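> Okay, here's the structure, questions in a sec.
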């Protein structure tokens with residue numbers, strides 16, 4: 003089992019949460035103040051760089067088979083890397099690929115995708 007931090011459509015109540023159905027919820031959490039969340043309209047993406055904020059999300063205990071499914075689902079848009087959470091623990095998190103032109107997307111300064119106004123049909 004591995005810890006996975008999710009911040010977008012994989013969160014409870016969102017359209018892709020079903021991909022975590024065999025995973026154990028651990029807690030709500032946030033990252034260190036080191037990342038930037040972008041609004042890609044139908045989902046968020048996180049990149050390294052300024053301006054920075056902490057990213058809000060949820061932590062799940064997942065099995066390797068689930069990580070394989072999620073890696074396939076996230077495709078070439080995202081890659082998985084370990085991050086340090088605000089409580090000092092480590093978890094894997096998906097980052098937006100360098101292939102995506104980040105400069106064209108607005109920053110979500112709060113680091114919480116759910117704070118950003120988005121219609122329900124988008125998540």
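Residue numbers (our numbering): 3 to 125.
A virtual CB, placed ideally from N, CA and C, is assigned to each residue, including glycine.
Note that the structure is predicted; figures quoted are calculated from it, not measured.
1. Indicate whether residue 75 and residue 97 have their beta-carbon atoms separated by less than 9 Å.
2. Residue 45: beta carbon under 8 Å from a heavy atom of the ligand ATP?
3. Which partner residues of residue 78 appear in the DSSP bridge assignment?
4. With distances taken Cα to Cα, identify the nearest neighbour of residue 62 among 29, 83, 109, 51.
5. Note down, in chain order, each residue of its chain lying with its Cβ closer than 7 Å to the Cβ of residue 57, except the 5 sequence neighbours on either side.
6. Compare the beta carbon distance of residue 6 and residue 22 with 9 Å and say whether it is the shorter of the two.
7. Could you tell me if residue 100 is buried or exposed, where buried requires 16 or more neighbouring beta carbons within 10 angstroms of its beta carbon?
8. Could you pull the start and end residues of the beta strand (DSSP E) that residue 40 belongs to?
9. What is the DSSP secondary structure of residue 95, reduced to helix, strand or coil?
10. Among residues of its own chain, excluding the 5 on either side of residue 84, which ones have a beta-carbon nearer than 6 Å to its beta-carbon?
11. Please give me, in chain order, every unbroken run of the beta strand (DSSP E) with length at least 3 that falls completely inside the stretch 11-76.
12. CA-CA distance, residue 19 and residue 25?
This is what the structure gives:
1. For the purposes of this step, residue 75 is taken as the residue at position 73 of the chain shown. For the purposes of this step, residue 97 is taken as the residue at position 95 of the chain shown. Taking 9 Å as the Cβ cut-off, residue 75 and residue 97 do not qualify as a contacting pair.
2. In the structure shown, the ligand ATP is absent, as is every other ligand, since no ligand is present at all.
3. Locating residue 78 in the chain shown gives position 76, where the first residue counts as 1. Looking at the DSSP assignment, residue 78 forms no beta bridge with any residue, so it has no partner.
4. The sequence position of residue 62 within the chain shown is 60, counting from 1. Minimum Cα distance to residue 62 is reached at 29.
5. Taking the chain shown and counting its residues from 1, the one referred to as residue 57 is at position 55. Around residue 57: 9, 32, 33, 37, 39, 48, 113.
6. On the chain shown, residue 6 is found 4 positions in, with the first residue counted as 1. On the chain shown, residue 22 is found 20 positions in, with the first residue counted as 1. Cβ atoms of residue 6 and residue 22: closer than 9 Å.
7. On the chain shown, residue 100 is found 98 positions in, with the first residue counted as 1. Residue 100 comes out exposed.
8. Numbered from 1 along the chain shown, position 38 holds the residue referred to as residue 40. 37-41 is the extent of the beta strand (DSSP E) around residue 40.
9. What you label residue 95 is simply residue 93 of the chain shown in a count that begins at 1. DSSP places residue 95 in strand when its eight states are reduced to three.
10. If you number the chain shown from 1, residue 84 lands on position 82. These residues qualify, in order along the chain: 92, 94.
11. 26-32, 37-41, 46-50, 58-64
12. As a first step, residue 19 must be located in the chain shown, where it is residue number 17. As a first step, residue 25 must be located in the chain shown, where it is residue number 23. Spanning the two alpha carbons is a distance of roughly 10 Å.
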